[in-house]
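The next block holds one structure in the form of structure tokens; read it before the comments.
There are 2 protein chains.
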Amino acid sequence: MAAKSVLILGAGFAGLNAARVLGKDSAVEVTVLDRRNYHLFQPLLYQVAMAGLSPAEIASPIRSLLSKQKNTRVLLGTAEEISLSEKKVKGPFGELAYDYLLVATGAQHSYFGHEEWEDYAPGLKTLEQATEIRRRVLMAYELAERETDPEKQKAFLTFVVIGGGPTGVELAGALGEISRHTFRKDFRRIDPRRTRVVLIEAGARILAGFSAESSAHALRDLEKLGVGVWTSTRVTKVNAEGVAMGEEFLKAATVIWAAGVQPSSLNAQLAAPADKQGRVKVQPDLSLPGHPEVFVAGDQVLYEQDGKPLPGLAPVAMQQGRLAAHNILRRIRGEETQIFRYVDRGQMATIGRSRAVAEVGRLRFYGFLAWLAWLFVHIYYLIGFKNRLFVIVQWVWAYMAYGRGARLIVHKAWKLREDREK
Amino acid sequence: MAAKSVLILGAGFAGLNAARVLGKDSAVEVTVLDRRNYHLFQPLLYQVAMAGLSPAEIASPIRSLLSKQKNTRVLLGTAEEISLSEKKVKGPFGELAYDYLLVATGAQHSYFGHEEWEDYAPGLKTLEQATEIRRRVLMAYELAERETDPEKQKAFLTFVVIGGGPTGVELAGALGEISRHTFRKDFRRIDPRRTRVVLIEAGARILAGFSAESSAHALRDLEKLGVGVWTSTRVTKVNAEGVAMGEEFLKAATVIWAAGVQPSSLNAQLAAPADKQGRVKVQPDLSLPGHPEVFVAGDQVLYEQDGKPLPGLAPVAMQQGRLAAHNILRRIRGEETQIFRYVDRGQMATIGRSRAVAEVGRLRFYGFLAWLAWLFVHIYYLIGFKNRLFVIVQWVWAYMAYGRGARLIVHKAWKLREDREK
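Next comes the structure, spelled out in structure tokens:
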């Protein structure tokens, strides 16, 4: 029997884990298509934005991650059109035909219809965005240092994070720590400890996906780092001056968006029922309704378990990717597919240098112990031995020295004639 | 006596070394102005372009390098105008008055009047340029892998380096090694070993600053890595298709410029005699003719020693920066300034993974021993203990695994709506 061709769109947690399952089976020939040449370890992306880690430390080339799988080839490119009837995917690379398709192109951040806010409040989903946020944060301190007008200086030293989920909490905690510790002795005119960090959350509490107890702990930890947490506060406008919340207005040079995500735009081409956000409702075996040869996994999927939709977390995507791959192999062998069931091994968020909240089943950890658990789990799952080693060294270093290893303001332009201060 | 204000323009090797000398003396108040927030270890910049090191590993924030010097403040900004009569420097930061000025803004690459070549052949002087070259090199392999037309594939797999000085030799050697070793197993359709790497040099031999014997050694080492070295060859045009050399034309998707440098454009404002390239002729004590309170150091200076101009190398800049600082202190104390004399401790260039040429006085080293010496010297001079540690780990890793740790294609645009394949 000729090998069946399996096309995987996206090499995030779902796609990469699926590729690894399929790479062991000679019944398939696998093609992995991604817009980037690297797999990104998203849970640590905020560390790049906060100058703690370098991009290369949380990203590994997909090609080298899969180079040992003889049946797998990797292509760089953007899937633009999925033709379910022709069983083809089209894009600038030409056409790719498939027998089985796994769509795992994830999610991106969403401004709920206010795309014009993006200029003033970048989101945090890609390495480029992380580098842009890092540039803005570092630049704000530099401009504050050379500013003589105290009003303007205050705006440069005000940092607003919108959205109190894990990413928002981690960003605000890191900003608090940077101002209190890392930058303490580096400036002459300004005192970085006078920095204002404000975390804005529309809901009644931060970390809504965690227990009320963990949420309260995180709040206390943030306040210890000098972060103002404004819950039940809805942002009505973001512009170059700052953030409006109804009648109120907070002047801030740096605003970061961590408030919402939307699924990949490819979902619209899957002709399947979706929820309000656009997440696709799949069959219990993760296949697309009416298309037993197409599977969908990861953040772009709406999957309800015990009456609740699963959150958009890396472990969910990894488990879905693996099950989808096994179901493809089962279908090829003529076996029955299996139903997806998420095994929850817990969730955690870190706050600053040595605090975190962690929940594993009914257990809850806080403070330094939770931070150690967080560190261990993240480094363990970080792909590639070398990256793990580097991140450990970086962290041990940063822990001892209160340092930030990657404090570079990198410009966008590379040409001589464009290389002006911006 | 009130402290005298010393303004240093540029925190490269000259400026940083001067700042460190002045930081020990309470007779001065020092301001260091730089366009970037980091000091860049230029000798290893080609490693960033070749995906061997991450930007943060060869760059350290100027602020943290100088944070222990109580008499020193660091400002981010571009010096746009030097008023020698008013003793002021102007720019977007406002005005900075000085009692003593050290101009150490270095050099950038030059296209000898063909600035339009820059689009097709980036130079290598900044981190942004290094990242752009890395993007082009990695992208060329990705596009070759998905290309079906063999002619186009060949152009994607042709890499041209223009200029056979140390940077050109190091780039060409690294390209040869990547194609032979690093990428060997990562692609399916293309064989990276079929990559063509061509190093073009207008002069009769590469590494013209070295002895003929070292030059011949470097040539043999490059040829072992499959690099074609075309000496006595003058480039007459560079465009999107490739490189023209008179009647000849070489099709290449990736061209890198390592052929020439020009001094900082601030030189034009110093009202001093200069050579054809624009380098300023200074007094033997490095002060500007007619302005005993202004000193110039580093790549933008023409300084003749034993009848020959000193080369634009890091050790020259470091020694000049230190002497200029001491001469400023001498002048403040009313002492006589000293004459600059370069102490040559040798020069070296590396070729690929484990070969190099090194010259120390009359001694010459080649091969692995020279490479070890090169490694030791570069890591020793790399600023910041943490960076040194990281680079060692990276290199030990790369040496063992034939790896390239930083193989990321990073886009310029960070916004969602601009995030298309480019």
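Respectively, the protein sequence lines represent chains H and U. First residue of the first sequence? That's 1 in our numbering, and the numbers climb one at a time after it. First residue of the second sequence? That's 1 in our numbering, and the numbers climb one at a time after it. By construction, the Cβ of each residue, glycine as well, lies at the ideal position given by its N, Cα and C atoms.
Closer than 8 angstroms: is that where the CB of residue i sits relative to any heavy atom of the ligand SAM?
{"i": "H/THR236", "result": "Within the structure as shown, the ligand SAM is missing, as the structure has no ligands at all."}
Is residue i helix, strand or coil when you go by DSSP?
{"i": "H/LYS24", "result": "coil"}
{"i": "H/PHE249", "result": "strand"}
{"i": "H/ALA406", "result": "coil"}
{"i": "H/GLU201", "result": "coil"}
{"i": "U/GLU421", "result": "Any reading at U/GLU421 is ruled out, since the residue's pLDDT is 39, under 50, leaving its predicted position unreliable."}
{"i": "U/SER457", "result": "As displayed, chain U neither begins before 1 nor continues past 422, which places residue 457 of chain U out of reach and without an answer."}
{"i": "U/GLY228", "result": "strand"}
{"i": "H/ASN327", "result": "helix"}
{"i": "H/ASN267", "result": "helix"}
{"i": "U/PHE183", "result": "coil"}
{"i": "U/GLY176", "result": "helix"}
{"i": "U/LEU286", "result": "coil"}
{"i": "H/LYS152", "result": "helix"}
{"i": "U/LYS128", "result": "The question names Lys, yet the displayed sequence has Glu at residue 128 of chain U. It is helical."}
{"i": "H/ALA479", "result": "Absent from the structure is residue 479 of chain H, since the part of chain H shown begins at 1 and ends at 422."}
{"i": "U/GLY123", "result": "coil"}
{"i": "H/ARG333", "result": "coil"}
{"i": "H/PHE295", "result": "strand"}
{"i": "U/LEU313", "result": "coil"}
{"i": "U/HIS114", "result": "coil"}
{"i": "U/HIS217", "result": "helix"}
Verify the CB distance criterion: does residue i have a CB-CB separation below 9 angstroms to chain B?
{"i": "U/GLU151", "result": "In the structure shown, chain B does not exist; the protein chains are H and U."}
Kindly list, in the order they appear in chain U, the residues whose Cβ is closer than 9 angstroms to that of residue i.
{"i": "H/VAL30", "result": "What H/VAL30 touches in chain U: nothing, since even the nearest Cβ is about 11 angstroms away."}
{"i": "H/PHE156", "result": "Result: empty, since nearest Cβ-Cβ is about 12 angstroms, beyond 9 angstroms."}
{"i": "H/ARG73", "result": "GLU145, PHE187, ARG188 and ARG189"}
Name, please, each residue of chain H whose Cβ falls closer than 7 angstroms to the Cβ of residue i.
{"i": "U/ASP186", "result": "ARG63, SER64 and SER67"}
{"i": "U/HIS411", "result": "GLU128"}
{"i": "U/ALA406", "result": "ALA56"}
{"i": "U/LEU16", "result": "The contacting residues do not exist; U/LEU16 stays about 16 angstroms from chain H at best."}
{"i": "U/LEU138", "result": "ASN37"}
My assumption, with CB atoms under 8 angstroms, is that residue i sits in contact with residue j. Please give the rounded CB distance.
{"i": "U/ALA187", "j": "U/GLU145", "result": "As written in the sequence, residue 187 of chain U is Phe, which differs from the Ala given in the question. About 5 angstroms; that satisfies the 8 angstroms criterion."}
{"i": "U/PHE436", "j": "U/PRO289", "result": "Any property of residue 436 of chain U remains undetermined from this structure, which presents chain U solely from 1 to 422."}
{"i": "U/ALA272", "j": "U/LYS281", "result": "6 angstroms"}
{"i": "U/VAL137", "j": "U/THR231", "result": "In fact, because the Cβ distance is near 23 angstroms, the residues do not count as touching under 8 angstroms."}
{"i": "U/ILE133", "j": "U/ILE256", "result": "6 angstroms"}
{"i": "U/GLY163", "j": "U/GLU201", "result": "7 angstroms"}
{"i": "H/LEU408", "j": "U/TYR38", "result": "5 angstroms"}
{"i": "U/SER110", "j": "U/VAL261", "result": "6 angstroms"}
{"i": "U/LYS90", "j": "U/ALA97", "result": "Their Cβ separation, rounded to whole angstroms, is 10 angstroms, which puts U/LYS90 and U/ALA97 out of contact at 8 angstroms."}
With distance defined between alpha-carbon atoms, name the residue in the options nearest to residue i.
{"i": "H/LEU286", "options": "H/ALA218, H/VAL301, H/THR158 and H/ALA97", "result": "H/VAL301"}
{"i": "U/ARG333", "options": "U/VAL48, U/ARG388, U/ASP25 and U/GLY173", "result": "U/ASP25"}
{"i": "U/PHE156", "options": "U/ARG194, U/ALA174, U/ILE379 and U/ARG36", "result": "U/ARG194"}
{"i": "U/ALA27", "options": "U/ALA2, U/GLY12 and U/TYR46", "result": "U/ALA2"}
{"i": "H/VAL297", "options": "H/LEU266, H/LYS276 and H/LYS308", "result": "Residue identity differs from the one stated: residue 297 of chain H is Ala in this sequence, not Val. It is H/LEU266 whose Cα lies nearest to the Cα of H/ALA297."}
{"i": "U/GLN320", "options": "U/MET245, U/ILE200, U/GLU177 and U/GLY106", "result": "U/GLY106"}
{"i": "H/GLY12", "options": "H/LEU313, H/GLY242 and H/ALA358", "result": "H/LEU313"}
{"i": "U/ALA325", "options": "U/SER5, U/LEU16, U/LEU22 and U/LYS4", "result": "U/LEU22"}
{"i": "U/VAL74", "options": "U/ILE8, U/ILE206, U/GLY246 and U/ALA272", "result": "U/ILE8"}
{"i": "H/PRO192", "options": "H/GLU142, H/GLU170, H/HIS217 and H/GLU241", "result": "H/GLU142"}
{"i": "U/ALA51", "options": "U/GLU151, U/ALA130, U/ALA97 and U/SER60", "result": "U/ALA130"}
{"i": "H/SER176", "options": "H/HIS378, H/GLY352 and H/ARG388", "result": "Contrary to the premise, residue 176 of chain H reads as Gly rather than Ser in this sequence. The shortest Cα separation from H/GLY176 among H/HIS378, H/GLY352 and H/ARG388 belongs to H/GLY352."}
{"i": "U/ALA317", "options": "U/GLY15, U/SER5 and U/LYS4", "result": "U/GLY15"}
{"i": "H/ALA121", "options": "H/ALA252, H/MET139, H/THR233 and H/LEU329", "result": "H/ALA252"}
{"i": "H/VAL410", "options": "H/SER85, H/GLU128 and H/GLU118", "result": "H/GLU128"}
{"i": "U/GLN69", "options": "U/LYS90, U/GLU95 and U/VAL30", "result": "U/VAL30"}
In chain H, which residues lie less than 8 angstroms from residue i when you measure between Cβ atoms?
{"i": "U/ARG355", "result": "Residues of chain H passing the Cβ test: none, with the nearest at roughly 24 angstroms."}
Using the beta-carbon of each residue, which ones in chain U are nearer than 8 angstroms to residue i?
{"i": "H/ASN239", "result": "Chain U residues near H/ASN239: none, gap ~16 angstroms exceeds 8 angstroms."}
{"i": "H/TYR38", "result": "ARG407, LEU408 and ILE409"}
What residues from chain U crowd round residue i, counting only those whose CB sits closer than 7 angstroms?
{"i": "H/ALA59", "result": "LEU408"}
{"i": "H/PHE93", "result": "ARG146"}
{"i": "H/LEU382", "result": "Within chain U, no residue comes near H/LEU382; the closest Cβ sits about 14 angstroms away, beyond 7 angstroms."}
Along chain H, which residues have their Cβ under 9 angstroms away from the Cβ of residue i?
{"i": "U/TYR46", "result": "In chain order: nothing, as chain H lies at least about 15 angstroms away."}
Minimum length 3: unbroken beta strand (DSSP E) runs contained in the segment 361-387 of chain H: 363-366
Ordered list of alpha helix (DSSP H) runs contained in the segment 8-90 of chain U, each at least 4 residues: 13-22, 45-49 and 62-65
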